[in-house]
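Asks: Residue numbers (my numbering): 167 to 287. All C-beta atoms, glycine included, are put in the ideal place defined by N, C-alpha and C. None of these values were measured; they are calculated from a predicted model.
1) Spatial neighbours of residue 223 within its chain, please: C-beta separation below 6 Å, excluding the five flanking residues on both sides.
2) Contact defined as beta carbons within less than 8 Å: I believe residue 269 pairs with residue 241. What is the distance between those atoms, to the nearest angstrom?
3) Label residue 238 either buried or exposed according to how many other C-beta atoms from any shown protein chain fall within 10 Å of its C-beta, with 16 as the threshold for buried.
4) So which of 218, 204 and 256 has the shortest CA-CA distance to residue 244?
5) Can you give me the Cβ contacts of residue 271 inside the same chain, cut-off strictly under 7 Å, excluding the 5 residues immediately before and after it?
6) Quick one: what's got a C-beta closer than 7 Å to residue 226's C-beta in the same chain, skipping five residues either side?
7) Quick check: the Cα distance between residue 233 and residue 178, rounded to an integer number of angstroms?
8) So, under 8 Å CB-CB, residue 280 and residue 255 are touching, yes? Tell me the CB distance rounded to an integer number of Å.
9) Take residue 277 as the anchor and find which of 201, 266, 257 and 188 has the nearest alpha-carbon.
10) Would you decide whether residue 188 is buried or exposed? Buried here means 16 or more other CB atoms lie within 10 Å of its CB.
11) Rounded to the nearest angstrom, what separates residue 263 and residue 199 at their Cα positions?
12) Between the C-alpha atoms of residue 182 and residue 220, what's the straight-line distance to the nearest angstrom?
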């Protein structure tokens, strides 16, 4: 999208432990008390994005897109997302479906709506 670099600094896919360490600077010690696919972890990721990019807003999503649940006991269709910024919020979404692509689309759309809502407050 032309002009996106005026407001979008970057992003990260934090899919593994190594990615979390390298991209988010969250050590194993820093994960004590957190588990993936949870509201506290989504909040931590959004805060780290905001901090590492030195920007006004951070957005994150973590969950189980499907077709199966994750190893933490969350069913497919479970997602936690967070916005960190002047106005912050964390939500949990349960689609109830196991279609991976459909869940990923709903997760992304919901996270963007959350960010837009916070931007307009």
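Replies: Reading off the structure:
1) 251
2) About 11 Å; that fails the 8 Å criterion.
3) exposed
4) Residue 244 has its Cα closest to that of 204, out of 218, 204 and 256.
5) Cβ within range, chain order: n/a, list empty.
6) 208, 211, 212, 215, 247 and 248
7) Roughly 23 Å between the two C-alpha positions.
8) 6 Å
9) 257
10) exposed
11) The straight-line gap separating the alpha-carbon atoms of residue 263 and residue 199 is approximately 29 Å.
12) One C-alpha to the other measures close to 23 Å.
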